[in-house]
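What follows is a single structure, written as structure tokens, with notes after it.
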Amino acid sequence: MTKHILYVMLTFFPNFFISIIHLDVVQGFSI
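Be aware that the sequence shown starts at 22, since it is given in our numbering, and climbs by one per residue.
Laid out in structure tokens, this is it:
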């Protein structure tokens, strides 16, 4: 169970931060 939680954290959070950075960059270019 712990390994599953760690796996979800390691896969979800990097994608989450990358998507936020991507949206930031897109908004920066649109402005």
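Backbone N, C-alpha and C define an ideal beta-carbon position, used for all residues, glycine too.
From a predicted model like this one, the values you see are computed outputs, not experimental measurements.
(request) To the nearest angstrom, report how far apart Lys-24 and Ile-39 are at their CA atoms. (result) 23 Å
(message) Taking the straight line between their C-alpha atoms, what separation do you get for Phe-34 and Tyr-28?
(response) 10 Å
(request) Express the C-alpha separation of Phe-50 and Thr-32 in angstroms, rounding to a whole number. (result) 28 Å
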